[in-house]
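A.B. asks: One structure, as structure tokens, below. Some questions next.
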Amino acid sequence: MIHREVADGLERLWNIRENCIWEADESSRHGEVYIFDHVFNQECTNSDVYGSVVKPLVDSFMEGFNATIFAYGQTSSGKTHTILGNKTDPGLFQLVSNQLFQHVADQVDERYLIGFSYIEIYNEKINDLLDKSNQGLTIREDIKGNVLLDAREAVVDNVDQVMENMMQGNKIRRVAATRMNERSSRSHTIFRIILESKDANQKDGPVHISYLNLMDLAGSERVSLTKAAGERLEEGANINKSLSVLGNVIR
């Protein structure tokens with residue numbers, strides 16, 4: 001539970017045991033127990049989530065495979081905290097970067113180049129969070145079916161550079177207060193890491209490229225709960241629209 005929920009005296013609505021959840025209120029239960037690959041209770045940290053779910057994907061990414069990680073859920077459910085974290089509980093951004101640069105430091109027979117881009121999708125428009133002047137980006141597709149986007153790609157040498165660029169990008173990301181969340185994300189963001197590697201002993205050897213996408217999705221909203229109006233209402237409608245399309249794609 002978040003601080004606001006605790007301060008309001010709200011109670012936990014779900015019981016958790018291993019990878020199962022069920023309603024805490026026995027009177028409203030219909031006997032359903034929901035089973036997932038992983039379930040994390042309120043005592044778990046971002047590091048727990050990372051070790052169980054994310055690290056295997058990062059391992060594959062460093063071996064040359066593409067991977068995508070979504071933070072998905074209702075508004076105010078903790079998605080951005082999972083991605084960004086705080087000083088005492090680092091988020092996936094930092095944990096991925098730590099593992100990636102440690103891997104690079106440990107490899108003596110490989111040469112690496114690491115870059116990343118950072119974009120937001122706000123009201124169905126794509127904006128570059130690494131270049132404030134680069135807004136309203138156009139999506140293109142080449143003859144091989146690859147999606148191309150003219151977003152800035154920054155080359156980085158260490159974790160500090162990654163975090164610094166990410167924090168600068170977050171300063172221009174759209175956030176606003178709603179009844180459900182005092183800092184509600186009003187856009188989806190995609191943080192893409194590009195890893196290029198080649199054999200250090202082969203001057204003209206092949207270059208391997210892999211991509212890791214970290215996506216912080218804006219939360220689905222009910223107007224009856226957020227009491228949104230005007231600009232916030234338009235944002236919420238576009239958020240729900242894009243999440244609905246995403247659900248159709250994943251199905």
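Be aware that the sequence shown starts at 1, since it is given in my numbering, and climbs by one per residue.
Ideal Cβ positions, reconstructed from N, Cα and C, are used throughout, including at glycine.
Spatial neighbours of Y50 within its chain, please: C-beta separation below 7 Å, excluding the five flanking residues on both sides.
C.D. replies: Taken in chain order, the residues that qualify are L92, L95.
A.B. asks: Identify every run of the beta strand (DSSP E) within the segment 51-132, keeping only runs that are complete inside it and at least 3 residues long; order them along the chain.
C.D. replies: Whole beta strand (DSSP E) segments, 3+ residues: 67-71, 110-122, 125-128.
A.B. asks: Whole angstroms are fine: how far does the CA of T80 sit from the CA of G247?
C.D. replies: Approximately 20 Å, taken between the alpha carbons.
A.B. asks: How many angstroms separate the CA atom of S52 from the CA atom of E120?
C.D. replies: Taking the straight line joining both Cα atoms gives about 27 Å.
A.B. asks: Could you give the distance in angstroms between the alpha-carbon of G169 and the alpha-carbon of D131?
C.D. replies: Approximately 8 Å, taken between the alpha carbons.
A.B. asks: Leaving out the 5 sequence neighbours to the left and right, which residues in its chain are closer than 7 Å to I21 when beta-carbon positions are compared?
C.D. replies: Around I21: W14, N15, Y34, V39.
A.B. asks: Whose C-beta lies closer than 6 Å to the C-beta of S97 among residues of the same chain, with five residues either side of it excluded?
C.D. replies: These residues qualify, in order along the chain: V159, V162.
A.B. asks: Can you tell me the Cα-Cα spacing of E26 and K144, whole angstroms?
C.D. replies: One C-alpha to the other measures close to 55 Å.
A.B. asks: Could you have a look at K241 and say whether DSSP puts it in helix, strand or coil?
C.D. replies: The answer is helix: DSSP assigns K241 an H, G or I state.
A.B. asks: Are the CB atoms of T46 and D89 nearer to each other than 7 Å?
C.D. replies: Residue identity check: residue 46 is Asn in the sequence provided, not Thr. Against a cut-off of 7 Å, the Cβ pair of D89 and N46 comes out as a contact.
A.B. asks: Taking M166 and F191 to be in contact with their CB atoms under 8 Å, please state how far apart those CB atoms are, rounded to whole angstroms.
C.D. replies: So it is a contact: roughly 7 Å between Cβ atoms.
A.B. asks: Quick check: the Cα distance between N127 and N134, rounded to an integer number of angstroms?
C.D. replies: Going from the Cα of N127 to the Cα of N134 covers about 7 Å.
A.B. asks: Can you check whether the CB of L217 is closer than 7 Å to the CB of Y112?
C.D. replies: Not in contact: Y112 and L217 (Cβ atoms no closer than 7 Å).
A.B. asks: Figure out for me which residue from A67, Q107, K55 has the closest Cα to the Cα of N201.
C.D. replies: Among A67, Q107, K55, the Cα nearest to that of N201 belongs to Q107.
A.B. asks: Can you list, in chain order, the residues of its chain with a C-beta nearer than 8 Å to that of V207? Leave out the 5 residues immediately preceding and following it.
C.D. replies: Correct list, in chain order: E196, S197, K198.
A.B. asks: Thinking C-alpha only, which one of G230, R140, I193 is nearest A154?
C.D. replies: Ranking the options by Cα distance to A154, first place goes to I193.
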